[in-house]
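Student:
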Amino acid sequence: MKNIFILLITFYCCLIYAQKDTNKTLTARDSFDVINQYLNSQIKDKTSEIIVISEKLNPNITLKFFEGQFPRPENEKADYNELYGGATRPLFNDRAYKIMKNKFYDSKKYILPDITDRQWTKTDLEFDKIKFISYVRFVSNSNNADDVEINNLPNFLPVFGISEPIIYDKKYLVFQFHAARTPFFGFSNSKVVVMKKTKNKWIVVQEIPSYELH
1 MKNIFILLIT FYCCLIYAQK DTNKTLTARD SFDVINQYLN SQIKDKTSEI IVISEKLNPN
61 ITLKFFEGQF PRPENEKADY NELYGGATRP LFNDRAYKIM KNKFYDSKKY ILPDITDRQW
121 TKTDLEFDKI KFISYVRFVS NSNNADDVEI NNLPNFLPVF GISEPIIYDK KYLVFQFHAA
181 RTPFFGFSNS KVVVMKKTKN KWIVVQEIPS YELH
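Structure follows, in structure tokens:
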């Protein structure tokens, strides 16, 4: 009986440790869950078609939004964020930010600085009525009457641009989320979203506006 009791206690402790360890480890599945949870929260009309920019947005812009307009002094004034944007302290931590930047800065040159050459697909995003259109195509055909599909898009369709989440301080996922409507000439509502998993649910910690940094 004593041995059974010890075995049960050992099993319980291992289970608790495994759960804690799982909470500390961010996975690829977490990245998709975060994007889909936030995307669905931003779609007001679930019956409407939406447009998603097919290219994943550049992580370098995510890093810019998160840092703010200028390199941040360790003890910046309280009004720093009102003037120059960026994540507020204590979320912003100099050491953690440097680690994130060193790991996720993308040195590759792309056709446009806002985007990468990686693509979103229907299997990534959990919403049925998505039309994927290239940002490059939107830019090149904004004044081109020959692009019949672009020019015949209904007005006021939601258009979203999204980046892949990057890990910050081992427990946050950070990504760009840009929104506009057709006719699309660029994003009017650009931000970086910071989310953290609490009790198996992803919650928004902070939304950081662009401040036209790029």
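Counting in UniProt numbering, the sequence shown runs without a single skipped number right up to 214 at its last residue.
All C-beta atoms, glycine included, are put in the ideal place defined by N, C-alpha and C.
#1: Tell me whether Leu-57 sits in a helix, a strand or coil according to DSSP, three-state version.
#2: Distance cutoff 8 Å, beta carbons only. Does Ser-140 sit that close to anything in chain C?
#3: Where does Thr-27 fall in DSSP's three states?
#4: Is Val-194 near Leu-91, with beta carbons less than 8 Å apart?
#5: Is Lys-64 helix, strand or coil by DSSP?
#6: Give the straight-line distance between the Cα atoms of residue 234 and Pro-183, rounded to the nearest whole angstrom.
#7: So for Asp-106, helix, strand or coil by DSSP?
#8: By the three-class DSSP mapping on this structure, what secondary structure does Ala-179 have?
#9: In terms of residues, what are the limits of the alpha helix (DSSP H) holding Ile-150?
#10: If I follow the unbroken alpha helix (DSSP H) through Tyr-168, where does it start and stop?
#11: Could you tell me the distance, in whole angstroms, from the CA atom of Asp-117 to the CA atom of Asn-75?
#12: Is it buried or exposed, Thr-62, if we count other Cβ atoms within 10 angstroms and call 16 or more buried?
#13: May I ask which residues mark the beginning and end of the alpha helix (DSSP H) holding Glu-82?
#14: Nearest by alpha-carbon distance to Ile-35: which of Ile-166, Val-139, Thr-88, Asn-60 is it?
#15: Kindly indicate which residue of Thr-121, Gln-119, Gly-186, Val-192 has the alpha-carbon position closest to the one of Ser-140.
#16: What's the C-alpha gap between Lys-44 and Pro-73?
#17: Could you check if Thr-22 is buried or exposed, using at least 16 other CB atoms within 10 Å of its CB as the buried criterion?
Tutor: If we stick to the structure as given:
#1: strand
#2: Considering every chain present, this structure includes no chain C. It has just one protein chain.
#3: coil
#4: yes
#5: helix
#6: Limits of the chain in this structure are 1 at one end and 214 at the other, which puts residue 234 out of reach.
#7: coil
#8: strand
#9: 148–151
#10: Tyr-168 -> not in any alpha helix (DSSP H); beta strand (DSSP E) instead, spanning 166–168.
#11: 38 Å
#12: buried
#13: 80–84
#14: Ile-166
#15: Gly-186
#16: 40 Å
#17: The predicted position of Thr-22 is uncertain, since its pLDDT is 36 and thus under 50; a value taken from the coordinates is nonetheless stated next. By the neighbour-count rule (16 or more Cβ atoms within 10 Å), Thr-22 is not buried but exposed.
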